[in-house]
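Contents: one structure, followed by commentary.
Protein chains in written order, with our numbering: chain B, 155 to 271; chain G, 42 to 155.
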């Protein structure tokens, strides 16, 4: 199947700093990527839809200025957690849709665990 | 808005036995996709099986099969001949039309007893 890669897989940062997480589609072009957040022992919560060449669409309750999403190319979307605080600590997962794939098929990255001290 | 409900937070089964995980959903759409994803301890989301709503035939992938009841808005997953490697969190998911967003259920943690 298609491959989606996230980097870094694990990051620790100090409170007040910004952290960037990358999501890459390695063997296909993804016009749309999705960013999820997952708290321990909970489900995935969609944060935003990342569209190549345009602004991301955020879900209700997600702070746009806090979670900056950039989708500058067909293979890369980035999520930047700005001025991170301990409550931002979580597992962040991206997914991408294969344009030519069977309807609805999404592939997920390995996830990135963020710990804010 | 679409919602997905998994009423079983945890399930356990003996190795080689069969287990069924429940999922119900709510939607006003007539055409959509439903999925079961597996999330092992590595946290990597793995697609287990997919069902297209307009297809009456239940999807099957080796030991995994679904019981799709469109009128009842039910989409259960049956795992036959359970193996130790099947132990994971299982998420039922609904794909919305238009925005093509995945809506996940709360998840069911499956334990396989040797």
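Cβ atoms here follow ideal geometry from the backbone N, Cα and C, with glycine treated the same way.
- Annotation: the continuous beta strand (DSSP E) that includes residue 178 of chain B extends over 173-179.
- In the three-state reduction of the DSSP assignment, residue 259 of chain B falls in the coil class.
- Along the segment 156-211 of chain B, the beta strand (DSSP E) occurs as fully enclosed runs of 3 or more residues at 158-161, 164-167, 173-179, 186-192, 198-205, listed in sequence order.
- At a cut-off of 8 angstroms between C-beta atoms, residue 231 of chain B does not count as an interface residue with respect to chain G.
- Between the alpha carbons of residue 268 of chain B and residue 167 of chain B lies a gap of roughly 8 angstroms.
- Residue 164 of chain B counts as exposed, since fewer than 16 other beta carbons sit within 10 angstroms of its beta carbon.
- Exposure of residue 171 of chain B is indicated by the presence of fewer than 16 other C-beta atoms within 10 angstroms of its C-beta.
- Within the segment 92-115 of chain G, contact with chain B at the beta-carbon level (separation under 9 angstroms) is assigned to 93.
- Between residue 51 of chain G and residue 125 of chain G, the gap from beta carbon to beta carbon reaches 8 angstroms or more.
- Taking residue 75 of chain G as reference, the option from G/118, G/81, G/59, G/129 with the minimal CA-CA separation is G/118.
- Among the residues of chain G, those whose CB is under 8 angstroms from the CB of residue 264 of chain B are 83, 84, 85, following chain order.
- In its chain, beyond the 5 residues on either side, no residue has a beta carbon closer than 6 angstroms to the beta carbon of residue 219 of chain B.
- By the Cβ neighbour-count rule, residue 225 of chain B is buried, with 16 or more other Cβ atoms within 10 Å of its own.
- Among the CB atoms of chain B, one or more fall inside 8 angstroms of the CB of residue 146 of chain G.
- 190, 192, 195, 196, 197, 198, 199, 200, 203, 211, 213: these are the residues of the segment 189-214 of chain B whose beta carbon lies less than 9 angstroms from some beta carbon of chain G, given in chain order.
- Our two residues, residue 217 of chain B and residue 144 of chain G, have alpha carbons roughly 20 angstroms apart in a direct line.
- Distance between residue 45 of chain G and residue 238 of chain B, taken at the CA atoms: about 31 angstroms.
- Counting only Cβ-Cβ distances below 9 angstroms, residue 142 of chain G has contacts in chain B at 188, 200, 203, 213, in chain order.
- In the assembly as shown, residue 127 of chain G is a buried residue. Its beta-carbon has 16 or more other beta-carbons within 10 Å.
- Sequence-distant partners of residue 169 of chain B (beyond 5 residues in either direction) whose C-beta falls short of 7 angstroms from its own C-beta, in its chain, are 238, 239, 240, 270, 271.
- Counting along the chain, no beta strand (DSSP E) covers residue 228 of chain B, and no H or E run does either.
- With contacts defined as CB atoms closer than 8 angstroms, residue 173 of chain B and residue 261 of chain B fail to qualify as a contacting pair.
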